[in-house]
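Counting in UniProt numbering, the sequence shown runs from 1 upward without gaps. Quick notes on the structure that follows.
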Amino acid sequence: METVKVTRRELIDTKRRISTAKRGLQLLKMKRSSLILEFFELAKQVQSMKMDLKGLMKKSREGIEIADALSGRITIMRVAQEQSEKTAVLKARNVMGLVIPNISMNKNIDILSENDSLTIPTPVYDAKRLYSQFLSMLIEIAEKETAMRKLLNEIYKLNRRTNSIENIIIPRWLAKIEYIKQSLDDMERDRLVSIKFIKKLHG
Numbered sequence: 001m002e003t004v005k006v007t008r009r010e011l012i013d014t015k016r017r018i019s020t021a022k023r024g025l026q027l028l029k030m031k032r033s034s035l036i037l038e039f040f041e042l043a044k045q046v047q048s049m050k051m052d053l054k055g056l057m058k059k060s061r062e063g064i065e066i067a068d069a070l071s072g073r074i075t076i077m078r079v080a081q082e083q084s085e086k087t088a089v090l091k092a093r094n095v096m097g098l099v100i101p102n103i104s105m106n107k108n109i110d111i112l113s114e115n116d117s118l119t120i121p122t123p124v125y126d127a128k129r130l131y132s133q134f135l136s137m138l139i140e141i142a143e144k145e146t147a148m149r150k151l152l153n154e155i156y157k158l159n160r161r162t163n164s165i166e167n168i169i170i171p172r173w174l175a176k177i178e179y180i181k182q183s184l185d186d187m188e189r190d191r192l193v194s195i196k197f198i199k200k201l202h203g
């Protein structure tokens with residue numbers, strides 16, 4: 001055991017540290033529970049979105065095949081080049097103090113302009129709309145999976161911290177309290193014995 005000051009002040013201070021550690025431990029556990037709930041909610045969303053993504057991918061491919069057959073490859077390539085600039089905006093949101101990335105689409109990704117329906121052949125327009133939806137969902141899934149990885153990393157850190165406080169720090173301080181109490185009791189008994197001995201000598 002580390003060198004311990006056997007004083008009543010040290011006993012009081014150690015009890016206060018334990019009380020503070022227990023409050024902190026409770027807060028850490030609450031944060032961990034919230035992050036775990038957030039993780040499973042995201043996992044549920046991602047699983048559902050991936051199932052939808054498969055269907056959307058199939059529709060997108062079929063849309064391109066129809067557009068190719070009815071409007072030609074040259075028209076598809078021309079529209080693709082005109083719409084080639086794709087951007088996304090990276091933002092963030094806060095979950096119990098943890099910053100989670102939040103990717104939002106630029107309008108030219110997921111919103112077709114009003115003129116598109118007039119200037120682009122209908123089969124190509126439909127294919128473009130489907131692929132815009134596909135891209136938006138793909139990026140949203142990537143965002144959620146990135147958030148899940150961050151959540152897992154933070155949950156792991158919280159597990160280590162709570163385990164350290166609960167199984168190492170607090171037990172160590174409790175043992176310290178018992179040691180101080182026992183030492184103070186021994187000192188008090190020695191003092192009383194000394195007083196009795198002195199009284200007996202002078203009796």
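Ideal Cβ positions, reconstructed from N, Cα and C, are used throughout, including at glycine. Computed from a predicted model, the values in this text were never measured in an experiment.
- Scanning L53, E10, F39 for the CA closest to the CA of S132 turns up L53.
- DSSP, read as helix, strand or coil, puts P123 in helix.
- Taking C-beta atoms under 8 Å as the contact rule, K59 and L130 qualify, at a distance of about 5 Å.
- Contact between R8 and L152 is ruled out by a C-beta separation of about 46 Å, above the 8 Å threshold.
- In the structure shown, the three-state DSSP call for V193 is helix.
- Spanning the alpha carbons of K176 and H202 requires a straight line of approximately 39 Å.
- Beyond the five residues adjoining it in sequence on each side, I100 comes within less than 7 Å, by CB distance, of A92, R93, A147, K150 in the same chain, given in chain order.
- Partner residues in a beta bridge of V4, as assigned by DSSP, do not exist.
- The Cβ-Cβ distance between V4 and Y179 falls below 7 Å.
- The beta carbons of L158 and L28 sit closer together than 7 Å.
- With 16 or more other CB atoms across the displayed protein chains lying within 10 angstroms of its CB, F39 is buried.
- By the Cβ test, the stretch 14–29 is in contact with the stretch 164–174, since at least three Cβ pairs between them sit closer than 8 Å.
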